[in-house]
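To start, the structure under review is shown below, and the notes come after it.
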Amino acid sequence: MTNSYKPPKIWKWESNSGGRFANINRPVSGSTHDKALPVGEHPYQLHSLATPNGVKVTILFEELLEAGYTKAEYDAWLINIGNGDQFSSGFVEINPNSKIPALIDRSGDAPVRVFESAAIMMHLAETFDAFLGSQEKRPELLSWLFWQMGSAPFLGGGFGHFYAYAPEKWQYPIDRYSMETKRLLDVLNQHLSNNQFIIGDDYTIADMAIWAWFGQLVLGRLYDAAEFLDVESYQHALRWAKEIDARPAVKRGRMVNRASGDLKTQLHERHSSLDFETQTQDKIALKSKTGD
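Count along the sequence shown starting at 1, add 846, and that's the number in the numbering used here.
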């Protein structure tokens, strides 16, 4: 970096600071416009987008349904963060932090809001007593689940931002966060050298949460950075990532609330298992073209 920045005594927001998400980033909270959230027929109402944090929850829902937990049926509504949907009055009401995913649980006497992806996953896993592993390994599961939550800002907000989204390429932050990302990958890789899944033989919400970020990273799906980070060298993490990627529920979970990429992988809203066959964007485009 050639130009030195001298911080002012008091920082002030400049809305034209640049970068991919400059139009939605701001230093204050609260809603920017009035808009109620839709409500479907199922017990769980998810408002999300298929980012790594959003994918964690849709994968868990699909895994629960595939495992036979029929009471885990859900409606998934698209929150387009690029358009600022997360700042609607309805969304802020269920998540004052204006981040996806956010859930309304209507399975009880009164609606309950749950926000933060790990909180949603724990809420669902405990509700159905599923994908938690054995009780004696619960501390290990929680440790790895929160390892992912603690590491995501370094991978996403750090490496991902400066490598892929910042208005310019600056060596210092890219080097800094590349080093940390590779260190985290090495932590995961060494752990998986002796474990099939994160806490051993049981596939749990810890796997789902970590896979959404680090699994997709080593599979080359995040930030177009696979070669740069030499992800092929993390063989144990790659083995684990491929095994989870092959699960049918994971394939479906990745599609829900997706609004980019191949049209056949985009299911903007999910209200029924049949939607995967009839409501992907390629099918909707074909219907529009043929007038059906």
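From the three backbone atoms N, C-alpha and C, an ideal C-beta is built for every residue, glycine too.
Between the region 893-913 and the region 1093-1110, do three or more beta carbon pairs fall short of 8 Å? Counting Cβ pairs under 8 Å, three or more are found: they touch.
Rounded to whole angstroms, what is the Cα-Cα separation between P942 and T1136? 43 Å
Check whether the Cβ atoms of H1117 and D921 lie closer than 9 Å to each other. yes
Would F933 pass as a contact of Q994 if the rule is Cβ separation under 9 Å? no
Starting from the Cα of L1001, find the closest Cα among L1038, E962, D1048, W1057 and give me that residue. When only C-alpha atoms are compared, the closest one is W1057.
Y890: first and last residue of the uninterrupted beta strand (DSSP E) it sits in: 890-894
Could you say which of T1124, F867, L1030 lies nearest to F1008 if we only look at CA atoms? F867
Determine the direct distance from the alpha carbon of A1095 to that of E909, and round the result to whole angstroms. 5 Å
Would you say the region 935-953 touches the region 872-885, given that touching needs at least three Cβ pairs under 8 Å? yes
According to DSSP, I1051 sits in a beta bridge with which residue or residues? I1051 pairs with nothing; no bridge assigned.
Do L1109 and D1121 have their C-beta atoms within less than 9 Å of each other? no
Identify which residue in I966, S850, G930, H1037 has its Cα closest to the Cα of Q891. I966
Does D1021 have its Cβ less than 9 Å from a Cβ in chain B? In summary, chain B is missing from the structure at hand, where a single protein chain is found.
Stretch pair the region 972-986 + the region 1031-1042: three plus CB contacts closer than 8 Å: no
S989 versus W857: straight-line alpha-carbon distance, rounded: 36 Å
Can you check DSSP and say which residues form a bridge with H879? S934
Cutoff 7 Å; reference R1104; Cβ partners in own chain excluding five residues on either side: A896, T1111, Q1112, L1113
Does the Cβ-Cβ distance between H893 and I925 come in under 9 Å? Yes, they are a contact pair.
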